Every structure is written in C-alpha cells, then in structure tokens.
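Student: Let me begin by handing over the structure; questions about it come next.
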C-alpha cells in the first residue's frame, strides 16, 4: 500500500473532523473553510517530462536489472502510462515522481495540494542491493545527476527537497528489505535500510524480539531513515533513541562501500557510527544497520498521572529520569495540550473538570515481574512529586491513538486550519526558558499576522540531564499559508537557539533547519562535516543543500568558504 | 607530586616482589634478574639541547605569560638548571623533557630504563587557559613545530610519541585545573581538561556528587585524557564509559576554538562530540569537558562469585548485562588469572583449593535500598547461572588493590620479568573465539621465541551486546625485551582483528595500534578522519602519526593518498 500522496498514511483511515470541532476552530481561531480546489490525484498535476537524457536513463536501467523492453515497446508503455519504459526499477512517470516529491511537513503538503511540483525528482530509482546503490551513485557522479535517498518519505524538515542546480533522482530503498539476520547470543540483528518499521518489528516479534522503536512515523518509516535522521521513539525512556540502538552501519558512498562499527563499544578512534547517524544522506546511502534487539515484552501497561502544573509534572519526570525507576514511556502534556486533549481527538472540545492541570502518560513494558516492580516504585516517586494517579484509561487511550496525530493534521488542513509541529531538547535547567521562549515566539508572530494560534507542548523524551519539548501549533491558515507560517517558524528557531536548545531533537535538519544547524554546530563543526562530505562525495551529488550548505560553485571563487578542503568545488 | 619518571605512580608506594614470587617466576617462566644498570634519575640520561630556536621559544614565552628574566639571567639559569630560562611555563630542561617522554606502556618504560630518549619533546609548555592553548597552536603552525597534548602521561599505546620530522612540544595541561562548574538541576559539571581524576572526584564529592569514572589510571589521568582516549572505568557497568558521560567539549584547534555538544541528545546532524571523543589530539586539544554527574553513593559493596569455568562465568555476566539487574562493577577472571590471583598480589603463589575455577567480582554502588535490591536480584540470577557466592572478602580485596597492578608491573620489570597488558572487545558470540585466538597468538609467539608466557585474561566491561577482554602477559624478558615482545603484540593484534574484535576497548590507538586501526576503520573511515584533520589542523602540527597516518609530504607526490583533501600536504 502506498501512502496518501498529498497527506498522511492509509487513505482509508482518513477521518473528517466532527462538526463540533469545526465550530470550535471557527469560534476560537477564526478558521474558515478554504475554497481552493485540491488536485485529486498525482496525475492531475501537470508534470514536466524527466530532464534526464536517454543515455543516463539507459545507464540506470542497465545497473538496475536492465531494460526489459524494445524501444517501440517502451514508447508504447510510456504513452499508456501502464508500464515503465526503462524497466521496473527506473521510473519516470508522473505518479511515481509526484509521490517522491518532498516529505510530510505541513508546508510540503500545502505546496503539493497547491499543485507545486518544483521539487520533483527527475526519476525514481529502485536499487535492489548495496551493490546496485553503489552502481547508481557511480552513474550519478559520471552523469552529473544528484541523488536523494528515499525511505518512508516521512521527512518533515525538507529532507527530500535538495537545493540542486542539477536534476536529481530519488533512490527509493524499498527493495532493500530482506529479513533480519538475528544473533540471539549477542542480541543483535542486521536490518536492511529499506525495511519498513512495522515489518521489521513483526519479523523480530516472530522470533521473540523487539526493536522497541516506535516513533510517530512508525507505520511508514524505514530502518535506514531512522538511522540517517537520528530518530527517537515514543518508548525512548525504556529502549533509548535509535542512535543508541545502532551497533554498525553499511554505507554506499560515491567513493565505495563503507562499514562503520565493529565491537559494541571501542576506544579505537572517534565513533564513526555516530558520524553516519544523523548525516541525512549527505555522506552516503545507508544500506543496512546492525541494531541491538531485546526480548519481546510480555506485559505492557500505560497509565495516566495528573499534575497541578507543567512545572510540577516536569520536575516529577526529571526525578524518574535521574533517580529512577525508569518507565518505558514517559510523556507530559502542558496545560493547553491537556485541556485540548490532543491525545483524545474524539473528545476535542470537552471542558470536563478532569481536563484541568497537566496529564502525564507513564508506561511500562517488560516481564510481568519487572513492570510490576518499576510501576510500584514509580508510583511512590510520582505521588511524592505531587502527582495523582488517573488510572489506566488515559494511558491506554494514548497508546491506541499514538500514530493518529498526522491523520488529525490532514483533517485540520482539510477543514481550512493550519497545523504544524516542531521540537527541540535542552538541559533541564534550560527547559523553563526554552518552553516560554518558543511559546511566546510562535504566539506573538502569528498573532501579529492576524491568526492568534493555539500552542500546545509536551515532553516526550527524558534523559538524566535534560528533555525534549514538542510543540503543536494550530491556527487559521492566512492567505498564503506557507508564507504565513514562515516567520513564525523562523521566530521559533531563533527562540530555540537563544534558550540553549538544539534545533532538533528528533525531526532532523534537512533544508528547513540547515541555517540554524550551522550556528549550532559552529563554524569548525560545519567545516569538519563539509570536509567529510568532500572526501566521500567529491562530486557533491548526494543530497545537495540538505544538512550542509551547497558547496560553492567552481566558477564563483568569491563564494568559497574558508574550508581547508577544496574538492567539493569540482564542477 | 610527580609520577615516577621511569615507572608508575608514587615512588613511595613501590613494593618489591616477595622472594617466593621471584622464585616462582624463575621456576615457572625462567625469569632471571637482569644486570643492565638503569638510570637513577632523568638527569642521568644524556639529553640533547632543545632544537627550538630562541625566536620560537621567545614566542611561546610571550604567549605563556612572558619571559620574566633578562638574557643574562636566562643564560645563568640554564647553566644552573635551577630555573627555566623562558619563564615558568616554557621548559627546556632535561628533567622536564624526560618526564614528558612517551607514556607508560611496558616498551615505553623499558626504553626509558635503557636511556633511550629518541621521543624526547623539544620543550614542555604549560598553557594556563583555552586561549593560551590557541595561542600556542598558532605559534606551532607558524614556526612549524608539532604539538603533543599531555594530560596524565598515562598512555600505553604510544600516544605521546609522535612520528614527526619536525621537533615537537609537549603541551602539559595541568594548569587547566579550575574547580568544576556544577549544574545541580541538570546534574552536569564543566571540568577543565587538565584536572586530575582524584581531584575532580574530590571536588564533586564535596558537593555530594560523583563522576563514577575509575579506570586503573585513575590516580594520575586527567579529564581531557579520558575524553581524548575514550576511557572506560572499572565501574562502567553502572556508570557507563567516559564517552557516555560527556555532554559537551571545548576544543582548541589550530584553526580556532570549537564547542561540540549542545543539548543532552539531538537529531541535528552527526554527533560531533563523538568525533572529538577518541580523536586523541589529532584534531585539536580538548580544553574542557561537560559531563553528567550522579549523586555520591551512600553504600558501596563488592563481593566475590565463583564459577566452574570462564565460559560459565561469561554466560552469567551476559545474563546480567542483557536481562539485569545491572551491578555497578562486574568482572570475571579466567582460570589462569584466578589461579595466579593477580587481584591478590600478596597471595601470588598460593595454590589453595579456593583458587580453582573462575572468580568474578560483583559490586553495587548507590542508595542503601537500591544496592540491596539489585544485590538480592543479582544473587538469584548468578546462583541460577551456576555461580557460588564467595563472600565480600574477594570483592573488598579487589577494591583495595584496584589501582595497584601498574606497581606490580614495575616490581616484575625490576625482577627481570616482562609484563604487559592488552585489551579488546567484541560481540558476545565472538568472545569465545577471540579469547582463544589471542591467548594462542601470545602463547605460541612467545613460546617460539623461547620464553613461554603466563597469559591471563579477565572481562571487566560488559554491554548488552558484548564485552571487553583484558589480557595480561608475564614472561622472561628475552635479550632485547622490546624487540622480543613486538612479534607477540603483532600476533595478538592480528588475532583480534581475525576474531572480529576491536583493536582497543579502552587503551586507544596511539602509534602502537595505528596500522590495525586503519584496517578496522576501513579506507573510507580513515579518509573521512584524515579530511577532518586537514580541515582543523591544515599544517598537520597536532600529534603527527598518532591515531592517523602521517600526512604525505608535499614534496613526494608518489606518496599521496587518494584522499579528496589536500591541504594536509601543505609544506
């Protein structure tokens, strides 16, 4: 099944908002239905033909299993649109190219709904192995074509929209999907990059194991995407972030194959795994990942805890993160999010007294004994921290709807509202100022623009030394909704850096956060990464402008960075 | 107090071997006392004058607080050897230079005892701040002098002996020793790089915190050295490795200052902290480190557990690492180490029946309740895994002698024996072949050379997915003990790579492991790191030949690597 092309997920699961919510959006935020027609299918969008030459396409076709048809057959197939002219794995038809255009941020969806396909790939390639990825990259370098790896297509930071003066191909990795190779003694599994998370999890479950990685994109995202973008899942309190699960990576670069990671831990030089993790395809294409696996939990329980304020709740979470016991899931909504009950979309608009204060969801997964012990100890700690037990219902409700928020966003966009999320992380002592600063930036900017927003926040990832903050913004759309949002996003990014936060805790950098990331990493940090890119991708074909600035053009000496490396400048 | 110049630690704590042990060494291993006289003091070694020009030394003196004396006074001071001619922080006298020659591997000590000062620094500089380190590096680049950062001087992998055609200065960081800046909310502390571990720990203890990092080098090593070499402490099961404690680093590079790390965790790009950790001074000089701190444990208990075999004991440790509960300290000696009782130096030679099988030390640190709970649960698990509780005595004995092994090595060298250690780590399923492979390589090579060794091993660091193996070799010295050891070390390194191990789990790479590290990191891994070095240290002044190969000379185009960067080639 393919993802909804201009929204999220399984089209059958789309659900319009109840009239009561539409009324509330109108009365509270001034949201009015939009009249602009939206293209019904990718084919309704006018798409220019692929700018790639027949020679280039033939080279790709040759590398990916060859070109199965005669020229006449190809011409006929292209006219019909029923078959791909360059074999099954080199696709230039409109549907495939539109389906690989951009990711799933709200601006991405709004642009596609407006028929804007400026970020259209020139072709979609489906390599079937590490060696085929290597071959494709060599052809890209030779033919001066950029390459953008495509996993689940769930980027919300512009990670699929390169800044390229050359045409680019989308490398859809779905065929890298062999079953996990499991080592039960070491509790590791080798997973191919294109394996979707539900399938990986199901295959591990069959053997009695779990990866324990359940981000909101779980139903669509791939193993390679988790690694490339340093994903963090909803059960990170118990299972850790994805980058903490990774023990090894295989990478296909334009300069050849590379294997990072040998033993679980090592003192032999810098940890090269951590150089690949988060590199977002700028250095190479991750083709497989060795991960830590854990026994499948026999017991899962999620419960609600109520706190008088976000501050009190955050202090309670900090207590568990620092002194234990450590739950598997640990989340806290602020007053607004609790009130709106985003975790309960079917109750939006409820003003029952139970919605006062802040709601936390605390979950335990493991053996019966282990979950019972941690739950009992955490109950003592949370009570001592001022929490009130709210039963299992709020926790179970959260668990049932844990992947539904993007569907709700589709419904909000459909109803004429604007809805977007952004997130950050900081040390505990910076959290209060970060929370206030980002809320103020978003509220002030959008209010000034005439669309007073609803800004909600939750903590969903905790560490001994800090936590993440995840913001959801809902407002009226404004005339040009993408341009309308831009200053608010800009102000939020500034507020994040100002308060000591990182520009992203789990969404990544892409093109959207690149300029702020450059400030966070520092000039020498960017110089170091740029030099790695120049070493592994000397022609600069991989994800240009994603994560790192586009290398200066060789014909423009004035734009040269002070970087000590120069091969990225090759024409 | 300064470390013993040609051995380990506090000279007052040196302890000769009992006659019974000397007899045992003679009877078992054929160790005979050596007659070669050893220089009594650094001054007894003939040291060439510093090759640095007065101009260069004056520049350093100017950067480090100025040159306090007139030229006549300097000349007189140099003649007397009583004062430093270039101010207190630029030292060219023999004593200081010999004290900064090489590290503390057995070959290092043997060479120094033989009066070999080929790796002598041209001067010892003592910068007092991050800015002074920056200034010194700029002068080094300008004057074409290499620079080797020097923390505790405890490297055992040739990390202080650069391969430099230029003269080099030792940057002794002991003056970077301001008290920790503690954030009690976030539980973090900023520690200067030159702070010695015992002082850092004492200052944290005063405030009720601990770093929890206690490697065998604890009494001498510095915070910066821990970070640069990815140290791992004896309590790593509970507190993690040093690289897991680090939240931020300040680095002085020849290209300027750099701050890596912002929030505790982030998805913004690769984790640049993990690029600095383990870089062993090749990219820059770490000047301060932000670390996670924990409450000082109120209870510490260490106990012994006996297993029928190393295999059975390793399986028990694996059970705790994978399924918990996790002790704070977890170690297991193999049959030979248990028999010899290296952990009980005063009992060497005992053949009491209690020495049969394998001894594990299991320790718990934390609150009274937490240690009691973990201890009780671990007792069940260890018993179920076939372990027999051996009381607290073996644990407490280990704890009392935990920093004594290097003193024992001095005594062994003094007695004419050869004693050295090496270590690795691997996934659990590779551990049996790794253990056998390294033991066989060491035994076969040394036996062939006529000095059948005693090879002992322990596991001292466990992870969910694997463990470290730490080998100790004792044999007769052979005629030229350094040359005699080389083939055995070489064979052990080959056996490590052959069995899937990492070339070092906590000692690092230095010059000794560089060639094997290059194979482990892979050609593209080394190319990536070399390009980072070229970006941050374009003149190649930092630690040449340590960690990474010496950059090819500009005047030798045939030696150019296929690296995409070229600025390391600048003359």
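Chains as they are written, first to last, in the numbering used here: chain A, 19 to 589; chain B, 19 to 589. All residues carry an ideal CB built from backbone N, CA and C; glycine is no exception. These numbers come from a predicted model, not from an experiment.
#1: With a threshold of 16 other CB atoms inside 10 Å of the CB of residue 263 of chain A, please say whether the residue is buried or exposed.
#2: Which residues does DSSP list as the beta-bridge partners of residue 201 of chain B?
#3: Taking residue 114 of chain A as the reference, which of A:168, A:209, A:444 has the closest Cα?
#4: Is residue 223 of chain A buried or exposed, if buried means 16 or more other CB atoms sit within 10 Å of its CB?
#5: Given a cut-off of 8 Å on the beta-carbon distance, is the pair residue 181 of chain B and residue 563 of chain B in contact?
#6: Pairs of beta-carbons, one from the segment 269 to 286 of chain A and one from the segment 233 to 249 of chain A, closer than 8 Å: are there three or more?
#7: Name the chain B residues whose beta carbon is nearer than 9 Å to that of residue 447 of chain A?
#8: May I ask you to list, following chain order, the residues of the segment 527 to 541 of chain A that have a beta carbon less than 8 Å from some beta carbon of chain B?
#9: Identify the contact partners of residue 337 of chain A in chain B, using a Cβ-Cβ distance below 7 Å as the criterion.
#10: With contact counted as at least three CB pairs below 8 Å, one residue from each stretch, are the segment 285 to 305 of chain B and the segment 314 to 331 of chain B in contact?
#11: Check whether the Cβ of residue 522 of chain B lies closer than 8 Å to any Cβ atom in chain A.
#12: Using the three-state DSSP reduction, which class does residue 136 of chain A fall into: helix, strand or coil?
#13: Could you pull the DSSP bridge partners for residue 445 of chain B from this structure?
#14: Given this structure, state the Cα-to-Cα distance separating residue 31 of chain B from residue 425 of chain B, to the nearest angstrom.
#15: For residue 281 of chain B versus residue 445 of chain A, is the C-beta distance shorter than 8 Å?
#16: Cα separation between residue 452 of chain A and residue 259 of chain B?
#17: Buried or exposed: which applies to residue 55 of chain B, given that a residue is buried once 16 or more other Cβ atoms fall within 10 Å of its Cβ?
#18: I'd like the span of the beta strand (DSSP E) that includes residue 275 of chain A, first residue to last.
#19: Using a Cβ cut-off of 7 Å, which residues of the segment 262 to 285 of chain A contact any Cβ in chain B, in chain order?
#20: Can you name the residues that DSSP bridges to residue 436 of chain B?
#21: Let's see if you can read the secondary structure: which residues bound the alpha helix (DSSP H) around residue 357 of chain A?
#22: Name the residue from B:507, B:448, B:538 whose alpha carbon lies nearest to the alpha carbon of residue 517 of chain B.
#23: Name the residues in the segment 480 to 497 of chain B whose C-beta lies less than 7 Å from a C-beta of chain A; which are they?
#24: Taking just the CA atoms, how far does residue 267 of chain A sit from residue 185 of chain A?
#25: Just checking my contact of residue 443 of chain B with residue 523 of chain B at CB under 8 Å: how many whole Å lie between their CB atoms?
#26: Go ahead and label residue 20 of chain B buried or exposed: buried means 16 or more other beta carbons lie within 10 angstroms of its beta carbon, across all protein chains shown.
#27: For residue 321 of chain A, write down the residues that DSSP places opposite it in a beta bridge.
#28: On the criterion of 16 or more Cβ atoms from any shown chain inside 10 Å, does residue 29 of chain A qualify as buried, or is it exposed?
#29: Report yes if the CB atom of residue 16 of chain B is closer than 8 Å to the CB atom of residue 66 of chain B, and no otherwise.
#30: Could you spell out where the beta strand (DSSP E) holding residue 310 of chain B opens and where it closes?
#31: Hey, residue 483 of chain B and residue 204 of chain A are a contact pair by Cβ (cut 8 Å); roughly how many whole angstroms apart?
#32: Measure from the alpha carbon of residue 269 of chain B to the alpha carbon of each residue in B:400, B:120, B:151, B:26, then state which is nearest.
#33: Go to residue 269 of chain B, then tell me how far its beta strand (DSSP E) extends in each direction, as first and last residue.
#34: Is residue 421 of chain B near residue 234 of chain B, with beta carbons less than 8 Å apart?
#35: Listing by chain order, which chain A residues have their CB less than 8 Å from the CB of residue 519 of chain B?
#36: Can you list, in chain order, the stretches of the beta strand (DSSP E) that have 3 or more residues and sit fully within the segment 381 to 410 of chain A?
Tutor: By the coordinates alone:
#1: buried
#2: B:206
#3: A:168
#4: exposed
#5: yes
#6: no
#7: 201, 202, 203, 204, 206
#8: 527, 531, 535, 538, 539, 540, 541
#9: Result: empty, since nearest Cβ-Cβ is about 11 Å, beyond 7 Å.
#10: no
#11: yes
#12: coil
#13: B:484
#14: 8 Å
#15: yes
#16: 30 Å
#17: exposed
#18: 274 to 278
#19: 265, 271, 273, 274, 276, 277, 278, 280, 281, 282, 283, 284, 285
#20: Answer is B:493, bridged to residue 436 of chain B.
#21: 353 to 358
#22: B:448
#23: 481, 482, 483, 484
#24: 28 Å
#25: Rounded to whole angstroms, the Cβ separation of residue 443 of chain B and residue 523 of chain B is 4 Å, and the two are in contact under 8 Å.
#26: With a 10 Å radius around the Cβ and a threshold of 16 neighbouring Cβ atoms, residue 20 of chain B comes out exposed.
#27: A:380, per the DSSP bridge assignment.
#28: exposed
#29: Chain B is shown only over 19 to 589; residue 16 of chain B falls outside these bounds and no answer can be derived.
#30: 303 to 310
#31: 5 Å
#32: Per the Cα distances, B:151.
#33: Note, residue 269 of chain B: beta strand (DSSP E), 264 to 271.
#34: Cβ distance < 8 Å, so residue 421 of chain B and residue 234 of chain B count as in contact.
#35: 280, 281
#36: none
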